[in-house]
DNA sequence: ATCTCGATTGGCT
DNA sequence: GCCAATCGAGATG
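In the numbering used here, the protein residues as written are 123 to 313.
Here it is, written out as structure tokens:
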């Protein structure tokens with residue numbers, strides 16, 4: 123399946139978050155390939171989004187949100203790595219948090235890394251999927267639109283599905299808009 | 001140099 | 001449902 127081009131990401135962040143559902147995140151590591159269908163996302167904007175890492179000034183931690191679209195943006199919260207994709211054109215902050223995937227390839231690796239037997243516990247949360255797919259801060263800044271990258275996002279080929287939306291999870295101050303998107307009735311969605 | 005906090009998770013009551 | 005774990009980095013003095 124073809125890799126998503128940069129133009130896919132350089133649009134309104136909520137639109138990208140919604141359309142990322144059903145696309146496929148692929149990690150081609152030495153140990154083996156893991157991949158999964160994206161089933162839950164959240165959109166984060168800049169200045170007037172109080173929940174965003176980019177709501178305040180640009181720092182060593184959040185600078186990637188101002189870069190061009192289609193780059194990996196990984197940071198830690200508590201003990202977990204959270205994986206995001208940058209959106210909007212260079213200079214405009216934005217990113218989409220990938221909150222859950224449905225495993226496709228490399229399920230044996232994911233089970234081992236997560237130390238769980240229940241497959242629904244492998245990737246049904248933003249910190250869970252990074253552990254399962256072994257995504258860490260070393261992937262910060264990787265170009266997800268380059269077919270030679272270790273980490274890429276490709277088109278998917280799935281039956282049509284319904285999407286739902288809600289307010290974002292775990293944020294202390296949210297906007298009025300519903301900026302969380304998920305595949306309806308998919309068991310790998312968190313909660 | 002020290003304090004504080006978080007886009008989470010898992011274990012225990 | 002509640003709460004501790006645990007870590008980087010921004011904020012403060």
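Glycine included, each C-beta is placed from N, C-alpha and C at the ideal position.
**Request:** Please say whether residue 257 and residue 148 have beta carbons closer to each other than 9 Å?
**Result:** no
**Residue nearest to residue 151 in terms of C-alpha spacing, selected from 306, 162, 261, 285** = 261
**Request:** Compute the Euclidean distance between the alpha carbons of residue 138 and residue 268, then round it to the nearest angstrom.
**Result:** 18 Å
**Message:** Here's a check: name, in chain order, each residue in its chain whose Cβ is nearer than 8 Å to the Cβ of residue 146, leaving out the five neighbours to either side.
**Reply:** 123, 157, 158, 159, 160, 226, 275, 276, 277, 278
**Asked** What number of angstroms, rounded off, separates the C-alpha of residue 312 from the C-alpha of residue 288?
**Response** 12 Å
**Message:** Beta-carbon within less than 6 Å of residue 259's beta-carbon, same chain only, minus the 5 sequence neighbours each way: which residues are those?
**Reply:** 196
**Asked** Can you tell me whether DSSP reads residue 211 as helix, strand or coil?
**Response** coil
**Request:** Would you list the one or two residues that DSSP bridges to residue 274?
**Result:** 148
**Asked** Touching or not, the region 178-192 and the region 293-313, by the rule of three or more beta carbon pairs under 8 Å?
**Response** no
**Message:** I'd like the list of long-range same chain contacts for residue 154, defined as Cβ closer than 7 Å, with 5 residues on each side in sequence excluded.
**Reply:** 228, 231
**Prompt:** Taking Cβ positions, are residue 247 and residue 216 nearer each other than 9 Å?
**Reply:** no
**Message:** If we require 4 or more residues per run, which alpha helix (DSSP H) segments fall completely within the region 219-257?
**Reply:** 229-236, 248-255
**Message:** Beta-carbon within less than 8 Å of residue 204's beta-carbon, same chain only, minus the 5 sequence neighbours each way: which residues are those?
**Reply:** 196, 197, 198, 219, 248, 249, 252
**Asked** At what residues does the beta strand (DSSP E) containing residue 159 begin and finish?
**Response** 155-166
**Prompt:** Are residue 285 and residue 143 closer than 9 Å when you measure CB to CB?
**Reply:** yes
**Request:** Compute the Euclidean distance between the alpha carbons of residue 128 and residue 134, then round it to the nearest angstrom.
**Result:** 13 Å
**Asked** Between residue 214 and residue 188, is the Cβ-Cβ spacing less than 9 Å?
**Response** yes
**Prompt:** What's the C-alpha gap between residue 303 and residue 290?
**Reply:** 9 Å
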